[in-house]
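What follows is a single structure, written as structure tokens, with notes after it.
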Amino acid sequence: MTGTTWQGDVDQRALPGTVRDDFPFFRGAEGVGLAYLDNAATTQKPAAVLAAITDYYATANSNVGRGYYRLSMASTDRFEAARGTVARAIGAAHPDEVLFTSGTTHAVNLLAATLGRRLVGPGDRVLVTGMEHNSNLLPWRRLCEEAGAELVAVPVDADGAVRADAFADALGPRVRLAAMAHVSNVLGTVNPVREMIAEAHRHGVPVVIDGAQAVPHRPVDVRALDADFYCFSAHKVYGPMGVGVLYGRRDLLADLPPYQVGGGTVKGVSLAEPVRYLAGPPRFEAGTPDVAGAVGLAAALDYLDGLGRDAVRAHDAALVRHAVTALGQLDRVRIVGDPARDPSGIVSFVVEGIHPYDVGGHLDRHRIAARCGVHCASVFLDGLGLLGTVRLSFGVYNTVADVDRVREAVAGVEPGFWTAEHPTTRFL
Ligand code: PMP
Numbered sequence: 366m367t368g369t370t371w372q373g374d375v376d377q378r379a380l381p382g383t384v385r386d387d388f389p390f391f392r393g394a395e396g397v398g399l400a401y402l403d404n405a406a407t408t409q410k411p412a413a414v415l416a417a418i419t420d421y422y423a424t425a426n427s428n429v430g431r432g433y434y435r436l437s438m439a440s441t442d443r444f445e446a447a448r449g450t451v452a453r454a455i456g457a458a459h460p461d462e463v464l465f466t467s468g469t470t471h472a473v474n475l476l477a478a479t480l481g482r483r484l485v486g487p488g489d490r491v492l493v494t495g496m497e498h499n500s501n502l503l504p505w506r507r508l509c510e511e512a513g514a515e516l517v518a519v520p521v522d523a524d525g526a527v528r529a530d531a532f533a534d535a536l537g538p539r540v541r542l543a544a545m546a547h548v549s550n551v552l553g554t555v556n557p558v559r560e561m562i563a564e565a566h567r568h569g570v571p572v573v574i575d576g577a578q579a580v581p582h583r584p585v586d587v588r589a590l591d592a593d594f595y596c597f598s599a600h601k602v603y604g605p606m607g608v609g610v611l612y613g614r615r616d617l618l619a620d621l622p623p624y625q626v627g628g629g630t631v632k633g634v635s636l637a638e639p640v641r642y643l644a645g646p647p648r649f650e651a652g653t654p655d656v657a658g659a660v661g662l663a664a665a666l667d668y669l670d671g672l673g674r675d676a677v678r679a680h681d682a683a684l685v686r687h688a689v690t691a692l693g694q695l696d697r698v699r700i701v702g703d704p705a706r707d708p709s710g711i712v713s714f715v716v717e718g719i720h721p722y723d724v725g726g727h728l729d730r731h732r733i734a735a736r737c738g739v740h741c742a743s744v745f746l747d748g749l750g751l752l753g754t755v756r757l758s759f760g761v762y763n764t765v766a767d768v769d770r771v772r773e774a775v776a777g778v779e780p781g782f783w784t785a786e787h788p789t790t791r792f793l
């Protein structure tokens with residue numbers, strides 16, 4: 366097992382060194398001794414989450430919202446309790462503002478197909494930023510192509526950050542909608558979303574926030590942000606894959622048409638009369654939802670509350686600062702952006718003269734799992750003039766020792782196959 370001793374400038378009180386013991390994965394064949402540093406892609410799951418999912422299937426499994434018997438009602442209660450937990454975790458005014466989706470990607474697609482189609486027409490503009498993940502870029506791009514509208518990306522500065530005034534400059538009478546990441550999945554840059562939302566609202570423009578990389582690392586309060594819509598994925602916040610959240614302000618959701626239609630979205634249908642879709646979450650959750658997934662997500666959020674959201678933030682931030690210091694000692698390493706300015710659990714770097722895939726493969730041989738490449742954000746990488754980066758992304762079970770292993774491994778990395786044979790190839 367990777368050491369859990371604390372050292373350097375890390376605040377030892379942030380999280381107990383025993384957190385890793387909460388995660389069965391690290392006792393399994395693949396987990397023992399692994400420095401898992403790809404938490405921005407997905408996190409490992411604590412025993413409490415696995416237990417909640419198993420318990421749901423073992424004791425309450427039945428379909429929700431459509432059975433007039435106790436078991437089905439109990440299952441519905443668990444689903445709705447999970448919605449309540451999510452609502453409390455993000456500061457929503459009411460559980461009905463929380464829609465379960467299959468993830469951030471699904472949530473953004475839902476909005477593009479409903480809100481987007483309703484608001485955006487020929488000659489209009491949709492604003493995004495130059496740092497978006499494809500999941501918060503392609504749905505808007507397709508919407509614009511279909512509507513004859515223009516997709517405008519607010520530029521990022523040399524540090525890979527979007528400035529609130531650059532966003533304000535891009536707002537104008539033709540802008541109907543804006544969508545942006547709260548935290549970049551590539552550099553961990555935090556956007557000034559509160560200011561950006563306020564500015565957009567001054568222009569009457571609703572804003573969609575992609576919070577996939579924010580919720581794992583910092584307390585998020587959708588009302589304090591005055592967010593219209595806020596999306597995130599359970600699997601990046603220690604919950605299961607296949608479930609996510611779309612928060613929407615109640616009055617805004619009430620105006621939206623359904624996205625997918627089908628069972629659960631109506632009370633009754635007659636072929637002779639217009640369809641009357643239900644109000645609230647059922648209108649947007651056609652078909653059988655991932656009830657166990659929602660229950661697992663609620664368990665994950667409870668788990669993080671148990672650790673303390675501020676302690677999690679302090680821990681992840683301390684690892685970012687330690688990584689910046691440790692990697693900064695290596696001659697050939699360049700840290701991209703300024704991840705320590707407002708740390709959010711991510712540090713991206715390049716090793717001069719070595720293809721990111723050679724660095725990633727080298728780390729893998731040292732039993733370090735870190736993602737390398739364009740991180741589903743090639744537009745951003747193009748803007749930074751980079752082929753790709755190596756990305757360290759931290760979770761609650763990571764330690765200073767994990768970071769120090771990266772520093773030692775990177776110190777010995779040499780150009781390999783990719784540098785020699787495919788120096789300009791990128792794909793992931
Ligand atoms: N947005 C951001 C910023 C992300 O990091 C990710 C996942 N890498 C997504 C959207 C998509 O999330 P999912 O694959 O869970 O739908």
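If you read the sequence shown in the numbering used here, its first letter stands for residue 366, the second for the next number, and so on. Built from N, CA and C at the ideal position, the CB exists for glycine as well.
- Per DSSP, reduced to three states, the secondary structure at Glu-445 is helical.
- Excluding five sequence positions before and after Ala-682, the CB atoms of its chain that fall closer than 7 angstroms to its own CB belong to Pro-708, given in chain order.
- For Cys-741, the Cβ falls inside the 8 angstroms cut-off from some heavy atom of ligand 1.
- The DSSP-derived three-state label of Arg-490 is strand.
- Gly-629 places its beta carbon less than 9 angstroms from that of Pro-647.
- Between ligand 1 and the CB of Thr-469, the shortest heavy atom gap is smaller than 8 angstroms.
- Taking 9 angstroms as the cut-off, the beta carbon of Phe-594 is found closer than this to the beta carbon of Leu-476.
- The beta-bridge partner set that DSSP reports for Cys-596 consists of Asp-575 and Leu-611.
- Closest in alpha carbon position to Ser-467, among Asp-747, Val-744, Leu-746 and Glu-650, is Glu-650.
- Here Phe-532 is near Ala-565, since their CB atoms are less than 9 angstroms apart.
- A straight line joining the alpha-carbon of Val-771 with that of Ala-735 spans about 9 angstroms.
- In the DSSP secondary-structure assignment, Met-438 is not bridged to any residue.
- For the options Arg-588, Gly-525 and Asp-670, the alpha carbon positioned closest to that of Gly-613 is the one of Arg-588.
- When DSSP states are grouped into helix, strand and coil, Ala-477 belongs to the helix group.
- Leaving aside the five residues that flank Phe-388 on each side, the residues in its chain whose CB is nearer than 8 angstroms to its CB run, in chain order, Gly-396, Gln-409, Lys-410, Pro-411, Ala-412 and Tyr-762.
- According to DSSP, residue pairing for Cys-737 in a beta bridge involves Val-755.
- In this structure, DSSP gives Ala-518 an extended state, which the three-state scheme calls strand.
- In the structure shown, the three-state DSSP call for Met-561 is helix.
- When distances are taken from the beta-carbon of Ala-546 to the heavy atoms of ligand 1, the shortest one is below 8 angstroms.
- Exposed is the label assigned to Asp-620, since fewer than 16 other Cβ atoms lie within 10 Å of its Cβ.
- Met-561 sits away from Glu-497, with the two beta carbons spaced by 9 angstroms or more.
- Boundaries of the beta strand (DSSP E) around Ala-544: 540-546.
- Burial check for His-459: the Cβ neighbour count within 10 Å stays below 16, so the residue is exposed.
- Look at Leu-402 here: in three-state DSSP terms it is coil, with no helix or strand label.
- By the Cβ neighbour-count rule, Arg-641 is exposed, with fewer than 16 other Cβ atoms within 10 Å of its own.
- Within the same chain, Ala-405, Val-548, Ser-549, Asn-550, Val-551, Leu-552, Gly-553, Gln-578, Val-685, Pro-704, Arg-756, Leu-757, Ser-758 and Phe-759 come within 8 angstroms of Ile-711 by CB-CB distance, once the 5 residues on both sides are set aside.
- Within the same chain, and ignoring the five residues on either side of Gly-661 in sequence, the residues whose Cβ sits closer than 6 angstroms to its Cβ are Val-414, Ala-417, Ile-418, Gly-604 and Pro-605.
- In this structure the segment 740-750 touches the segment 518-531; the number of beta carbon pairs closer than 8 angstroms is three or more.
- Membership of Phe-714 in the beta strand (DSSP E) is indicated by the continuous run 711-716.
- Residue range 674-693 is occupied by the alpha helix (DSSP H) that includes Thr-690.
- Going by beta carbons, Ala-679 and Asp-769 fall outside the 9 angstroms limit.
- For Leu-464, the enclosing beta strand (DSSP E) has its first and last residue at 463-466.
- In this structure, Val-765 is the residue among Pro-487, Ala-472 and Val-765 with its C-alpha nearest to the C-alpha of Ala-688.
- Assigned with DSSP and collapsed to three states, Ile-719 falls in coil, not helix or strand.
- Here the segment 664-679 does not lie against the segment 426-439, with fewer than 3 beta-carbon pairs under 8 angstroms apart.
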